[in-house]
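A.B. asks: Right, I'll just put the structure down here and ask away after.
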Amino acid sequence: MWIAEQRPTTIISADSRQIYRGFDIGTAKPTVVEQRGVPHRGVDIVDAAARYSAAAWADAAGTWIDDARGQGREALVVGGTGLYLRALFDGLFEEPALDPVRRAELATTLAAMQTAELRRWVESIDPPRAPLGRAQLLRSIEIALLTGHRLSDLHRLCARQPRWQARYLVVDPGPALAGRSVARIDSMFQLGWQNEVIRLTRDIPADAPAWNAAGYGVVRNLAAGEITRASAIEQILIETRQYAKRQRTWFRNQLPSDRVTRVDPLDVNWKSTVERWMFESHESPA
RNA sequence: GGUGGGGUGGCCGAGUGGCUAAUGGCAGCAGACUGUAAAUCUGCCGGGUUAACGCCCUACGAAGGUUCGAAUCCUUCCCCCACCA
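Structure (structure tokens):
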């Protein structure tokens, strides 16, 4: 927000949970007031039951950046979904058209299979991808069966050219994060997180992807009376910490280190670090 | 006071003489990641030393004992839970 005060800025949220309408409190969406002060894009863009993708987001984000630039504004990409940032700044591959019906059928079949089975399968059709996670295995099989090509080949042969080069500002309070999380969770409850969840439970299917945002499953259990408030807070804290850890790992190892500036928001000198970063950068995620 | 059940590594919880530094799970640490990514997975995980194999130390409530060998068997003690008084 401080950056947006320095020059005209449009904030582009690169956050795979803030995209969902209705999941407001637990995803820490920018408030109405904040959005009035600074234009935000990328928040509330899809229905909570919808399946979305990093590629769809990156396409949309491209137009938001163009819009912002057209208005003479700086586009500041903010958010913690590493894959979205990669899709935008590194470019995914050019995906061939996939038949949605066959795709859905296949998904149903594969859903019944054990991860170990899927892994053996991928071992034979696309070995480099076999050590990856279940989601990646499903994707590998889907692409192989629907296109007749190995996903890892497509990655190499159909790479897309990125339109921008980002400079990254990684904002991390380090060990102080724990204390901040406690306060944050507390305020989420005060804002009515539990009621939000009760409302969503009525309208949104239980298997909608939006539900796997950190803490939402726990609050759902709390609302159902299955756990105590204290243990809910404890579990949310754990999920939050684990998510933050995965983000750190991603940003530490997946970003090009020569384009990364790290800043601790609790450091007294944070402003000068951010100023220096702003001076040498144009479009950049935090 | 009596009877029965139980005390295991940060937590939960298996294990009833050697294959046990001790299955599993959780938490933690490190890592992977190109279209569901706040997702999905992988490795490590008592301490010391080693590049590694290994070696040494400490450890299954406490103290003794039996045994070539004990988390596992015996004795005493401490604590927890249930029931009876």
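Going by this note's numbering, the first sequence wraps up at 1606, each residue one higher than the last.
Note that CB positions come from ideal geometry on N, CA and C, so glycine has one too.
Can you check the stretch 1358–1444 for any alpha helix (DSSP H) of at least 4 residues that lies completely inside it and give the ranges in chain order?
C.D. replies: 1374–1390, 1402–1409 and 1420–1431
A.B. asks: Short check: CB of A1374 to CB of A1424, under 8 angstroms?
C.D. replies: Here residue 1374 is taken as the residue at index 54 of the first sequence, counted from 1. Here residue 1424 is taken as the residue at index 104 of the first sequence, counted from 1. No. Outside cutoff.
A.B. asks: Tell me, which residues are paired with V1491 by DSSP?
C.D. replies: Residue numbering aside, residue 1491 sits at position 171 when the first sequence is read from its first letter. V1583, per the DSSP bridge assignment.
A.B. asks: Expressed to the nearest angstrom, what Euclidean distance is found between the alpha-carbon atoms of I1547 and E1325?
C.D. replies: Numbered from its first residue, the first sequence carries residue 1547 at position 227. Numbered from its first residue, the first sequence carries residue 1325 at position 5. Roughly 43 angstroms separates the two Cα atoms.
A.B. asks: Determine the extent of the beta strand (DSSP E) in which T1329 is found, giving its start and end residues.
C.D. replies: In the first sequence, the residue the question calls residue 1329 occupies position 9. Per DSSP, T1329 belongs to the beta strand (DSSP E) from T1329 to S1333.
A.B. asks: Would you list the residues sitting across from A1479 in a DSSP beta bridge?
C.D. replies: Reading the first sequence from its first residue, position 159 is the one you call residue 1479. F1413, per the DSSP bridge assignment.
A.B. asks: Tell me where the alpha helix (DSSP H) around L1466 begins and ends.
C.D. replies: As a working note, residue 1466 is residue 146 in the first sequence. L1466 -> alpha helix (DSSP H) spans R1454 to T1467.
A.B. asks: For the alpha helix (DSSP H) containing D1344, name the first residue and the last one.
C.D. replies: Counting from 1 along the first sequence, the entry for residue 1344 is found at position 24. Element bounds for D1344: n/a, residue is neither H nor E.
A.B. asks: Looking at C-beta atoms only, is the number of pairs between the stretch 1522–1540 and the stretch 1551–1565 that lie closer than 8 angstroms three or more?
C.D. replies: yes
A.B. asks: At the level of alpha carbons, what is the spacing between R1449 and S1336?
C.D. replies: Residue 1449 sits at position 129 when you count from the first residue of the first sequence. Residue 1336 sits at position 16 when you count from the first residue of the first sequence. A straight line joining the alpha-carbon of R1449 with that of S1336 spans about 24 angstroms.
A.B. asks: Select from T1329, A1369 and A1370 the residue whose C-alpha is nearest the C-alpha of Q1355.
C.D. replies: As a working mapping, residue 1355 is identified with position 35 in the first sequence. Considering only alpha carbons, the answer is T1329.
A.B. asks: Going by alpha carbons, who is nearest to R1361 out of V1397, A1368, G1390 and P1495?
C.D. replies: Reading the first sequence from its first residue, position 41 is the one you call residue 1361. V1397 is the residue among V1397, A1368, G1390 and P1495 whose C-alpha sits nearest the C-alpha of R1361.
A.B. asks: Can you tell which of W1597, N1515 and L1474 has the C-alpha that lies nearest to the C-alpha of Y1488?
C.D. replies: Locating residue 1488 in the first sequence gives position 168, where the first residue counts as 1. Closest option to Y1488, Cα to Cα, is W1597.
A.B. asks: Check each candidate in T1593, Q1456 and A1552 and name the one with the smallest Cα separation from D1584.
C.D. replies: Sequence index remark: in the first sequence, residue 1584 carries index 264 (1-based). Minimum Cα distance to D1584 is reached at T1593.
A.B. asks: Let me check understanding here. Comparing Cα to Cα, which of A1550, D1506 and F1599 lies closest to A1348?
C.D. replies: Taking the first sequence and counting its residues from 1, one reaches residue 1348 at position 28. It is D1506.
A.B. asks: With 16 as the cutoff for other CB atoms within 10 Å, does A1486 come out buried or exposed?
C.D. replies: Here residue 1486 refers to the residue found at position 166 when the first sequence is read from its first residue. With 16 or more Cβ atoms within 10 Å of its Cβ, A1486 is classed as buried.
A.B. asks: Once the 5 residues before and after I1365 are set aside, which same chain residues still bring their CB inside 6 angstroms of it?
C.D. replies: Residue numbering aside, residue 1365 sits at position 45 when the first sequence is read from its first letter. The beta carbon of I1365 lies closer than 6 angstroms to those of I1339 in the same chain, with the five residues before and after it left out.
A.B. asks: Would you kindly work out how many angstroms separate the C-alpha atoms of G1368 and L1471, rounded to a whole number?
C.D. replies: Position 48 of the first sequence, counted from the first residue, corresponds to residue 1368. Position 151 of the first sequence, counted from the first residue, corresponds to residue 1471. Gly is not the amino acid found at residue 1368; the sequence shown has Ala there. Spanning the two alpha carbons is a distance of roughly 28 angstroms.
A.B. asks: How would you label V1421, buried or exposed, when you count the other beta carbons within 10 angstroms and need 16 or more for buried?
C.D. replies: As a first step, residue 1421 is located in the first sequence; it is residue number 101 there, counting from the start. With fewer than 16 other Cβ atoms within 10 Å, it is exposed.
A.B. asks: Going by DSSP, what residue range makes up the alpha helix (DSSP H) through K1565?
C.D. replies: Walking along the first sequence from the start, residue 1565 turns up at place 245. First-last of the alpha helix (DSSP H) with K1565: R1549 to N1573.
A.B. asks: Got a sec? Which residues, its chain only, sit under 6 angstroms from Q1567 by beta carbon, not counting five neighbours each side?
C.D. replies: To locate residue 1567, count along the first sequence from 1; it is residue 247. For Q1567, where only same-chain residues beyond five positions count, the Cβ hits under 6 angstroms are G1400.
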